[in-house]
């Protein structure tokens, strides 16, 4: 009797494990942001929120645009070099993401400075190398026109708050979000870049998103 | 998998039973590992090194460290690349306790060399910290993550901070 009970228990546990694995692998990442619906020849088309076109310079003075990201999925974030609050933790966590996927040519990271007056190309080069990022193959540290940076961070782009604020430590407010973008420029995930658990989630989600294109 | 479990053979049942046992053992192992570390009060070596009063400093210092320092110097005290210097195994900290106390309160702008590497990120000031809190932070960072510098010289730190 005892053995049969054990039997049932172990089958149950195995089934639960199987079920939980299956659910995880078939679940697609959500598509985030406002949807619009358009009628085309009698059927409804869903238009998803996409990242608008942009043009910035990276740490190697290379022009990085939305076209540079064609055929890639990428993670975006916002920071500034002399930030006294959450940026160092975000960079520590982004290094984990970089460590996992730096050799994948279908993957990129775009880190936008929100203090372009201070964070010039030369500064970002030094900053990235001190972080241990020795080339711009995968991780681009972007600077450029301040208004364009704030615009792309806002509701028309990555859906995160960025901007200047005299009262904030360091003079800027910005979100600690890591934003996962697919090859169609749609936002597929928002993660708290200061929370190691959420960054682990991101690291698990990136292969799922890449798998959609296989 | 489930087919094998339904077979009435004794051998199959025993296998399942051992699966179960393995599962249980794994869980128990998991929990015992995750609950075993008690970092708030420090390990046995920290408790041997510090007096009861200093252990209170250490515990308070850990809270203050999380609030004021760990954003940049990280929970593990290792800093960030060549941007933010480590406090763990830092040759600078042990040799410059008084200056470190002043840095915590007043911030620091100039480049600083730690373990042979030059760092030049500015460190923000924390003017609202009082000397007692600075001593608590110093006690924590001097004895956390394998650092074993022991007691912080309170009169020395207080006089450094009154300068």
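Protein chains in written order, with this note's numbering: chain V, 34 to 247; chain U, 3 to 165. Here a beta-carbon is modelled for each residue, glycine too, at the ideal position from N, C-alpha and C. On a predicted model such as this, the values are computed, not experimentally measured, just so you know.
By a C-beta neighbour count over all protein chains shown, 10 Å radius and 16 as the cutoff for buried, is residue i buried or exposed?
i	result
residue 55 (chain U)	exposed
residue 246 (chain V)	exposed
residue 103 (chain U)	buried
residue 115 (chain U)	exposed
residue 17 (chain V)	Since the first residue shown for chain V is 34 and the last is 247, residue 17 (chain V) is missing from the structure and cannot be characterised.
residue 141 (chain V)	buried
residue 73 (chain V)	exposed
residue 130 (chain U)	exposed
residue 135 (chain U)	buried
residue 152 (chain V)	buried
residue 275 (chain V)	The question about residue 275 (chain V) has no answer here: the residues shown for chain V are numbered 34 through 247.
residue 96 (chain V)	exposed
residue 69 (chain U)	exposed
residue 185 (chain V)	buried
residue 126 (chain V)	buried
residue 121 (chain V)	buried
residue 6 (chain U)	Low confidence applies to residue 6 (chain U): its pLDDT is 41, below 50, so where it sits in the model is not reliable enough to give any reading.
residue 86 (chain U)	buried
residue 98 (chain V)	exposed
residue 100 (chain V)	exposed
residue 73 (chain U)	buried
Could you name the residues of the same chain whose beta carbon sits closer than 7 Å to that of residue i, not counting the 5 residues immediately before and after it, in chain order?
i	result
residue 154 (chain V)	90, 92, 94, 176
residue 173 (chain U)	Outside the modelled stretch of chain U, which goes from 3 to 165, sits residue 173 (chain U), for which no answer is possible.
residue 38 (chain U)	The predicted model places residue 38 (chain U) with a pLDDT of 43, which falls under 50 and marks its position as unreliable, so this point remains unresolved.
residue 118 (chain V)	202, 203
residue 138 (chain U)	59, 62, 63, 66
residue 225 (chain V)	209, 210, 231
residue 156 (chain V)	114
residue 133 (chain U)	159, 160, 163
residue 76 (chain U)	82
residue 242 (chain V)	62, 106, 213, 215, 221
residue 189 (chain V)	85
residue 106 (chain U)	128, 131, 136, 139
residue 93 (chain U)	116, 117
residue 64 (chain V)	81, 219, 221
residue 223 (chain V)	65, 210, 212
Opposite residue i in the DSSP bridges: which residues?
i	result
residue 146 (chain V)	V:112
residue 115 (chain U)	U:120
residue 235 (chain V)	DSSP, once it has assigned bridges, lists no residue as partnering residue 235 (chain V).
residue 83 (chain V)	V:219
residue 75 (chain U)	Note: residue 75 (chain U) sits in no beta bridge, so no partner.
residue 214 (chain V)	V:107, V:220
residue 89 (chain V)	V:97
residue 197 (chain V)	V:205
residue 71 (chain V)	V:78
residue 172 (chain V)	V:142
residue 110 (chain U)	U:125
residue 225 (chain V)	V:210
residue 119 (chain V)	According to DSSP, residue 119 (chain V) bridges with nothing at all.
residue 82 (chain U)	U:86
With a CB to CB cut of under 8 Å and the five nearest residues on each side skipped, what residues in its chain are close to residue i?
i	result
residue 204 (chain V)	148, 197, 198
residue 126 (chain U)	109
residue 183 (chain V)	147, 195, 196
residue 80 (chain V)	68, 69, 70, 71
residue 47 (chain U)	150
residue 103 (chain V)	216
residue 160 (chain V)	92, 114, 152, 174
residue 101 (chain U)	162
residue 300 (chain V)	Residue 300 (chain V) lies beyond the stretch modelled for chain V, which goes from 34 to 247, so this question has no answer here.
residue 227 (chain V)	119, 122, 123, 126, 209
residue 78 (chain V)	70, 71, 72
residue 239 (chain V)	106, 108, 130, 133, 134, 140, 213
Please work out which residues of its chain come closer than 6 Å, Cβ to Cβ, to residue i, disregarding the five sequence neighbours upstream and downstream, and give them in chain order.
i	result
residue 111 (chain U)	124
residue 166 (chain V)	172
residue 217 (chain V)	none
residue 179 (chain V)	149
residue 40 (chain U)	Here residue 40 (chain U) scores only 45 on pLDDT, less than 50, and its place in the model should not be relied on; the value that follows carries that caveat. So the list is empty, once near-sequence residues are dropped.
residue 158 (chain V)	92
residue 136 (chain V)	none
### Task
Assess, as a yes-or-no matter, whether the region 139-159 of chain V is touched by the region 224-234 of chain V under the definition of 3 or more beta carbon pairs within less than 8 Å.
no
### Query
Using a beta-carbon distance cut-off of less than 7 Å, what residues from the region 116-127 of chain V approach chain U?
117, 118, 119, 121, 122, 124, 125
### Message
Does the region 105-125 of chain V come into contact with the region 204-223 of chain V, if we say contact requires no fewer than three beta-carbon pairs (one atom in each stretch) closer than 8 Å?
### Response
yes
### Query
Within the chosen definition, does the region 150-159 of chain U reach the region 46-64 of chain U through at least 3 CB pairs nearer than 8 Å?
Short answer: they touch.
### Validate contact between the region 180-197 of chain V and the region 121-138 of chain V using beta carbons, cut 8 Å, 3 pairs
no
### Message
With three or more beta-carbon pairs closer than 8 Å as the criterion, would you say the region 121-131 of chain U touches the region 92-103 of chain U?
### Response
no
#### Entry: Near-chain U residues of the region 161-194 of chain V (beta-carbon distance less than 7 Å), N- to C-terminal order
163, 164, 165
### Message
Output needed in chain order: residues of the region 93-104 of chain U with a Cβ under 9 Å from some Cβ in chain V.
### Response
Contact residues of the region 93-104 of chain U toward chain V are absent (C-beta to C-beta distance below 9 Å).
### Query
Relative to chain V, which residues along the region 65-85 of chain U have a C-beta separation below 7 Å, given in chain order?
73, 74, 76, 82, 83, 84, 85
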